[in-house]
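Chemist:
In the numbering used here, the protein residues as written are 485 to 687.
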């Protein structure tokens, strides 16, 4: 009797949680379906090119090189902070969270072939592209806030492109953006502390 009572108490908080999670997943799938079923022939090719440009962070490496070569010492610091943020975020997303989440990728039956990007084999949650995009934007923004405005906008479009091309659900992209933004702040503070400590040690 006691064990039955304890089981019923522990089950009560879990049932609403499962219900909320189930509702959230249905909304997530519905938004994905609405995006991928919408006919956007003028947008499709651009989204495919953009999402592939962000593969292996090539897009962010190119922007980092541009900042480092045109914005002086602050540009080099911004590039370093941005790329360090990407490295940390990629490690956390790909080596820690994805193996634990094991979320399946979308089924692209309704996605037009012309808008499909190559489907990765890794877990869907979180979006690594979205995480890296917002990590880079956040890292750059910690040093060059004004310059980071268009980079943040580009990061948002990259995150959207992962849904548009059918390789992620919207929740994957949002989670990646939150992860990248958070770890960018952590990285920026760590690098700032290290830099301040190194400066104090110089005689």
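Here a beta-carbon is modelled for each residue, glycine too, at the ideal position from N, C-alpha and C.
#1: Where does residue 536 sit, in a helix, a strand or coil, going by DSSP?
#2: Only counting the same chain, and skipping five residues up and downstream in sequence, which positions put a Cβ closer than 6 Å to that of residue 567?
#3: Grab the span of the alpha helix (DSSP H) containing residue 653 for me, first residue to last.
#4: Considering only residues of the same chain and omitting the five flanking positions on each side of residue 585, which have a CB-CB separation below 7 Å?
#5: With a CB to CB cut of under 6 Å and the five nearest residues on each side skipped, what residues in its chain are close to residue 611?
#6: To the nearest angstrom, how far is it from the Cα of residue 510 to the Cα of residue 587?
#7: Does the count of Cβ pairs from the region 627-640 and the region 569-585 closer than 8 Å reach three?
#8: Tell me which same chain residues have a C-beta within less than 7 Å of the C-beta of residue 619, skipping the five on either side of it?
#9: Where does residue 500 sit, in a helix, a strand or coil, going by DSSP?
#10: By a C-beta neighbour count over all protein chains shown, 10 Å radius and 16 as the cutoff for buried, is residue 531 buried or exposed?
#11: For the putative contact between residue 563 and residue 552, defined by C-beta atoms under 8 Å, what is the C-beta separation to the nearest angstrom?
#12: I'd like to know whether the C-beta atoms of residue 558 and residue 638 end up nearer to each other than 8 Å.
#13: Rounded to the nearest angstrom, what separates residue 704 and residue 520 at their Cα positions?
#14: Compare the Cα-Cα distances from residue 662 to each of 622, 513, 675 and report the closest residue.
#15: Determine the closest residue to residue 543 out of 617, 649, 673, with distance taken between C-alpha atoms.
Modeler: The answer reads as follows:
#1: helix
#2: 548
#3: Premise fails: residue 653 is in no alpha helix (DSSP H) and is neither H nor E.
#4: 607, 609
#5: 646, 652, 656, 657, 660
#6: 14 Å
#7: no
#8: 569, 570, 573, 664, 667, 668
#9: helix
#10: buried
#11: 4 Å
#12: no
#13: The structure shown does not extend to residue 704, since the chain spans only 485 to 687, so no value can be given for it.
#14: 622
#15: 617
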